[in-house]
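Chemist:
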Amino acid sequence: MEQPFRDYSENGTMSMDGLLKFLSKVQGQNNAKEDDAEVIFNSLKHLNIFPRKGLNLEAFYRYLLGDLNTPLSPRVHQDMTAPLAHYFMYTGHNSYLTGNQFSSKSSVRPIKKALQNGVRVIELDLWPARNIKSVVLHGGNNDVEVRHGGTLTTSVKLLKCLRAIKEFAFQVSEYPVVITFEDHLTADLQEKVAKMVTKTFGGMLYRPEIDGLEKLSPESLKKKILISTKPPREYLETQNSNSPHKSEKTSEEQGDDERLRSSRTNLFSCSIMCFANQDQIDEGEQLQEEDEEMKIPEYRDLIAIPAGKPKGGLEEWLRMDAKQVRRLSLCEQELEEATITYGKDIVRITKNHLLRVYPKGSRLDSSNYDPFVGWKHGTQMVAFNMQGYGKHLWIMQGMFRANGGCGYVKKPDFLLREKDDFDPSVPLPVYKILKVKIYSGEGWHLDFHHTHFDQCSPPDFLVKVGVAGVHASKARRTKIVRNSWLPEWNEEFKFEVAGPELSVLRIEVIDFDKYSKHDDFGGQTCLPISELRNGIRAVPLHDRGGVKYKSARLLVRFDLKDPQDCSE
1 MEQPFRDYSE NGTMSMDGLL KFLSKVQGQN NAKEDDAEVI FNSLKHLNIF PRKGLNLEAF
61 YRYLLGDLNT PLSPRVHQDM TAPLAHYFMY TGHNSYLTGN QFSSKSSVRP IKKALQNGVR
121 VIELDLWPAR NIKSVVLHGG NNDVEVRHGG TLTTSVKLLK CLRAIKEFAF QVSEYPVVIT
181 FEDHLTADLQ EKVAKMVTKT FGGMLYRPEI DGLEKLSPES LKKKILISTK PPREYLETQN
241 SNSPHKSEKT SEEQGDDERL RSSRTNLFSC SIMCFANQDQ IDEGEQLQEE DEEMKIPEYR
301 DLIAIPAGKP KGGLEEWLRM DAKQVRRLSL CEQELEEATI TYGKDIVRIT KNHLLRVYPK
361 GSRLDSSNYD PFVGWKHGTQ MVAFNMQGYG KHLWIMQGMF RANGGCGYVK KPDFLLREKD
421 DFDPSVPLPV YKILKVKIYS GEGWHLDFHH THFDQCSPPD FLVKVGVAGV HASKARRTKI
481 VRNSWLPEWN EEFKFEVAGP ELSVLRIEVI DFDKYSKHDD FGGQTCLPIS ELRNGIRAVP
541 LHDRGGVKYK SARLLVRFDL KDPQDCSE
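Here the sequence shown is numbered in UniProt numbering, starting from 1 and rising by one per residue.
1) Answer yes if the region 72-87 comes into contact with the region 212-227, meaning at least three C-beta pairs across the two stretches below 8 Å, and no otherwise.
2) DSSP three-state call for Ala85: helix, strand or coil?
3) Under 6 Å Cβ to Cβ from Arg300, same chain only, skipping five residues before and after it: list those, please.
4) Taking buried to mean at least 16 other C-beta atoms within 10 Å of its own C-beta, is Leu527 buried or exposed?
5) For Ser104 and Leu97, what's the separation of their Cα atoms in angstroms?
6) To which residues of the same chain is Thr229 closer than 7 Å at the C-beta, ignoring the five residues directly before and after it?
7) Please classify Asp143 as buried or exposed, where buried requires at least 16 neighbouring CB atoms within 10 angstroms.
8) Leaving out five residues on either side along the sequence, give the residues of the same chain with a beta carbon under 6 Å from the beta carbon of Lys311.
9) Which residues in the same chain as Tyr90 place their Cβ atom closer than 6 Å to its Cβ, once the five residues preceding and following it in sequence are excluded?
10) I need the boundaries of the alpha helix (DSSP H) containing Ile3, first residue and last residue.
11) Return the CA-CA distance between His452 and Glu492, expressed in angstroms with no decimal places.
12) In terms of residues, what are the limits of the alpha helix (DSSP H) holding Ile340?
13) Which residue or residues does DSSP assign as beta-bridge partners of Gln524?
14) Work out the CA separation of Asn42 and Trp317 for me, nearest whole Å.
15) Hey, would you say Ile529 sits closer than 7 Å to Ser551, going by beta carbons?
16) What is the DSSP secondary structure of Val382, counted as helix, strand or coil?
17) So, do the region 407-421 and the region 145-165 have three or more beta carbon pairs nearer to each other than 8 Å?
18) So, helix, strand or coil for Tyr90, using DSSP?
19) Starting from Trp485, trace the alpha helix (DSSP H) both ways and give me its first and last residue.
20) Nearest to Glu334 by alpha carbon, out of Ser106, Arg319, Val357?
21) State buried or exposed for Leu47, treating a residue as buried only when at least 16 other CB atoms are found within 10 Å of its CB.
22) If we count the other Cβ atoms within 10 Å of its Cβ and call it buried at 16 or more, is Ile340 buried or exposed?
23) Name the two residues that bound the continuous beta strand (DSSP E) containing Gly466.
24) Among Glu191, Lys45, Ile40, Leu364, which residue has its Cα nearest to the Cα of Leu64?
25) In the DSSP assignment, find the unbroken alpha helix (DSSP H) run with Leu159 in it and report its ends.
26) To the nearest angstrom, report how far apart Leu20 and Arg52 are at their CA atoms.
27) Can you tell me which of Ala194, Leu555, Trp127, Gln564 puts its alpha carbon nearest to the alpha carbon of Phe60?
28) Looking at the unbroken alpha helix (DSSP H) that takes in Gly441, where does it start and where does it end?
29) So is Phe521 buried or exposed if we call it buried at 16+ other beta carbons inside 10 Å?
30) With 16 as the cutoff for other CB atoms within 10 Å, does Lys45 come out buried or exposed?
31) For Arg553, which residues from the same chain have a beta carbon less than 8 Å from its beta carbon, with the 5 sequence-adjacent residues on both sides left out?
32) Note the first and the last residue of the continuous alpha helix (DSSP H) segment covering Val193.
33) Leaving out the 5 sequence neighbours to the left and right, which residues in its chain are closer than 7 Å to Ser329 when beta-carbon positions are compared?
34) Measuring CB atoms only, is the region 472-485 touching the region 448-463, in the sense that at least three cross pairs come out at less than 8 Å?
35) Tell me which same chain residues have a C-beta within less than 8 Å of the C-beta of Ala37, skipping the five on either side of it?
36) Closest by CA to Ala472, which one among Gly28, His353, Val373?
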């Protein structure tokens, strides 16, 4: 870092004027003003290394690695007034699970964590409670719980989930939260849910208007909570033995019904062995007894975004007009199969309607899939297991670091053009050339124990850099810097980027171990390429779950340009 400092300093000191020139020429901040330089100066004054006349080399280095010098803008800067369907939405799958999809616990903790990380779509699976006390007190199953049906996962009360959402919904982002209900309830329990939702959220709840959502935007829905689920009529029709649509029920739905009947039978058979204390009535039952005169709104009237598959299947859904925004859900396999034949049609329909894609049922370990398949077809809700790990989750987290981390990212223009439909099967042209220079890193000695990487010596760090996106590039590696907690690499890589709006830069630090088949993990991050700020930036690193380390970070220079502006 000595050369950039020397270029804009005199006699070992960088004045305010010199800092402004550095911000403009190197950092690409052409509109930098004295106020911007003053903020940087003030952020360093608490350090003993700060001289009165300006920055010395060490103070300049502290600025470069400080929190003010991030590679992304911390502010919401995209147009937030377009229809809701024009945005990718940070979406969770089975948001209440703490671990795997088969036997983990259900809790409000992962819901809180997701919202604190900017997730805007929370999924709750609603089932009649397996609560013997409810049977004894009310002569039937009179409570609602959240759980992953047909598995060994535990349950959590719906009311606790709703209260957690209310508390944490808008702590990180003011933009709307959508709750998707996977509903396995009877009509009487749906009525109870309607009252529970209304009482919990009050004025925060968006109540559907006559005109629907086709013109409403994230901006107009700030601090609102929207409910999305199948209208209750579908449940009632499929329960009617004389219904003409009975044969249309899927094998999965038939299995759900069988599990529901089985759980009710078990509850009644065990109820004679249980005794309930009236003072131990749970929160949900207390809620039902309060405000009995309050008008209970119809369950249907709470549904802001109706969900479900049309009777004609995917082909019928693709023929819907732009009126009355609806949501369709497909598993990852269904989407992949549909894109083979209907790729352009899916792009066209997602200009107005919402599509949600979720992990296939065999992902019991809470792993995830390639999100770019959904994104390049305009899918707004690419639902992920936020409690999992791995590169696909890192990519998801990186994508939604864009736009100030508010949980909504505007789709690229080529997915929204009215006159022609983007063909996802046609490779995108190279839009940008990205140069990435890895200078150095620091902070691991503060975040890790001194024997974490090696019992006898400092780590041997290297950095892997690559582009993930609709057209990914192979990762490159720096040299190995041996036995150092303060490695310096000074290596530059160049990438051709097709569709930067649908691409992220992947950076991973590993400790090379020549005596083992597995290298040690030293941190990672993913950054949305279209939003990278040019210049020398401090890049914070995160753990495997996406939690930012307190100190570990890299010093990296980014240079993102149009191909015609690049010269060798």
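Where a beta carbon is used, it is the ideal one built from N, C-alpha and C, also for glycine.
Modeler: Quick answer:
1) Taking 8 Å as the limit for Cβ pairs, the verdict is that the region 72-87 does touch the region 212-227.
2) Taking the sequence shown and counting its residues from 1, the one referred to as residue 85 is at position 85. Correct three-state label for Ala85: helix.
3) Numbered from 1 along the sequence shown, position 300 holds the residue referred to as residue 300. Hits under 6 Å: Pro231, Pro232.
4) Within the sequence shown, residue 527 is the residue found at index 527, counting from 1. Result: buried.
5) Counting from 1 along the sequence shown, the entry for residue 104 is found at position 104. Counting from 1 along the sequence shown, the entry for residue 97 is found at position 97. The C-alpha of Ser104 lies about 7 Å from the C-alpha of Leu97.
6) Here residue 229 refers to the residue found at position 229 when the sequence shown is read from its first residue. When the five nearest sequence neighbours on each side are left out, the beta carbons in the same chain lying within less than 7 Å of the beta carbon of Thr229 are those of Thr180, Phe181, Asp183, Ile303, Ala307, in order along the chain.
7) By 1-based counting over the sequence shown, the position of residue 143 is 143. Under this definition Asp143 is a buried residue.
8) Walking along the sequence shown from the start, residue 311 turns up at place 311. No residues qualify anywhere along the chain.
9) For this step, residue 90 is matched to residue 90 along the sequence shown. Cβ neighbours of Tyr90 beyond the five flanking positions: Gly118, Val119, Arg120, Phe400, Gly407.
10) Indexing the sequence shown from 1 puts residue 3 at position 3. This sequence places Gln at residue 3; Ile is not what is there. For Gln3, the enclosing alpha helix (DSSP H) covers residues 2-7.
11) Position 452 of the sequence shown holds residue 452. Position 492 of the sequence shown holds residue 492. Cα to Cα, the separation comes out at about 29 Å.
12) Counting from one through the sequence shown, the residue named residue 340 turns up at place 340. DSSP places Ile340 inside the alpha helix (DSSP H), whose first and last residues are 332-349.
13) For this step, residue 524 is matched to residue 524 along the sequence shown. Answer by DSSP bridge pairing, in chain order: Glu508, His542.
14) Taking the sequence shown and counting its residues from 1, one reaches residue 317 at position 317. Taking the sequence shown and counting its residues from 1, one reaches residue 42 at position 42. For Trp317 and Asn42, the distance between alpha carbons rounds to 57 Å.
15) Along the sequence shown, read from residue 1 onward, the residue named residue 529 stands at position 529. Along the sequence shown, read from residue 1 onward, the residue named residue 551 stands at position 551. No, the pair does not count as a contact, with Cβ atoms beyond the cut-off.
16) Here residue 382 refers to the residue found at position 382 when the sequence shown is read from its first residue. Val382 falls in the strand class under three-state DSSP.
17) No, the region 407-421 is not in contact with the region 145-165.
18) Taking the sequence shown and counting its residues from 1, the one referred to as residue 90 is at position 90. Strand at Tyr90.
19) By 1-based counting over the sequence shown, the position of residue 485 is 485. Taken as a continuous stretch (DSSP letters only), Trp485 belongs to no alpha helix (DSSP H), as it is neither H nor E.
20) The residue you call residue 334 lines up with position 334 of the sequence shown. Ranking Ser106, Arg319, Val357 by Cα distance to Glu334 puts Val357 first.
21) Against the sequence shown, residue 47 aligns to sequence position 47. Under this definition Leu47 is an exposed residue.
22) As a working note, residue 340 is residue 340 in the sequence shown. By the 16-neighbour rule on beta-carbons within 10 angstroms, Ile340 is exposed.
23) Counting from one through the sequence shown, the residue named residue 466 turns up at place 466. Residues 461-469.
24) Position 64 of the sequence shown, counting from 1, holds the residue named residue 64. For the set Glu191, Lys45, Ile40, Leu364, the Cα lying nearest the Cα of Leu64 is the one of Ile40.
25) One-based indexing of the sequence shown puts residue 159 at position 159. From DSSP, the alpha helix (DSSP H) with Leu159 extends over 158-168.
26) The residue given as residue 20 occupies position 20 in the sequence shown. The residue given as residue 52 occupies position 52 in the sequence shown. Inter-residue distance for Leu20 and Arg52 is about 17 Å (C-alpha atoms, whole angstroms).
27) Locating residue 60 in the sequence shown gives position 60, where the first residue counts as 1. In this structure, Leu555 is the residue among Ala194, Leu555, Trp127, Gln564 with its C-alpha nearest to the C-alpha of Phe60.
28) As a first step, residue 441 is located in the sequence shown; it is residue number 441 there, counting from the start. Counted as a single uninterrupted DSSP element, the stretch harbouring Gly441 is not any alpha helix (DSSP H) but the beta strand (DSSP E) occupying residues 430-442.
29) One-based indexing of the sequence shown puts residue 521 at position 521. Its Cβ having fewer than 16 others within 10 Å, Phe521 is exposed.
30) Within the sequence shown, the letter at position 45 stands for residue 45. Looking at its Cβ environment, which holds fewer than 16 other Cβ atoms inside 10 Å, Lys45 is exposed.
31) If you number the sequence shown from 1, residue 553 lands on position 553. Correct list, in chain order: Leu65, Gly441, Glu442, Gly443, Ala538, Val539, Pro540, Leu541.
32) Here residue 193 refers to the residue found at position 193 of the sequence shown. Its alpha helix (DSSP H) spans residues 187-201.
33) For this step, residue 329 is matched to residue 329 along the sequence shown. Only Ala307, Arg356, Tyr358 meet the Cβ criterion.
34) Flag = yes, the region 472-485 and the region 448-463 touch.
35) Residue 37 sits at position 37 when you count from the first residue of the sequence shown. Excluding its 5 nearest sequence neighbours in each direction, Ala37 has C-beta neighbours in its own chain below 8 Å: Met16, Leu19, Leu20, Leu23, listed in chain order.
36) Reading the sequence shown from its first residue, position 472 is the one you call residue 472. Taking each of Gly28, His353, Val373 in turn and checking the Cα distance to Ala472, the smallest one comes out for Val373.
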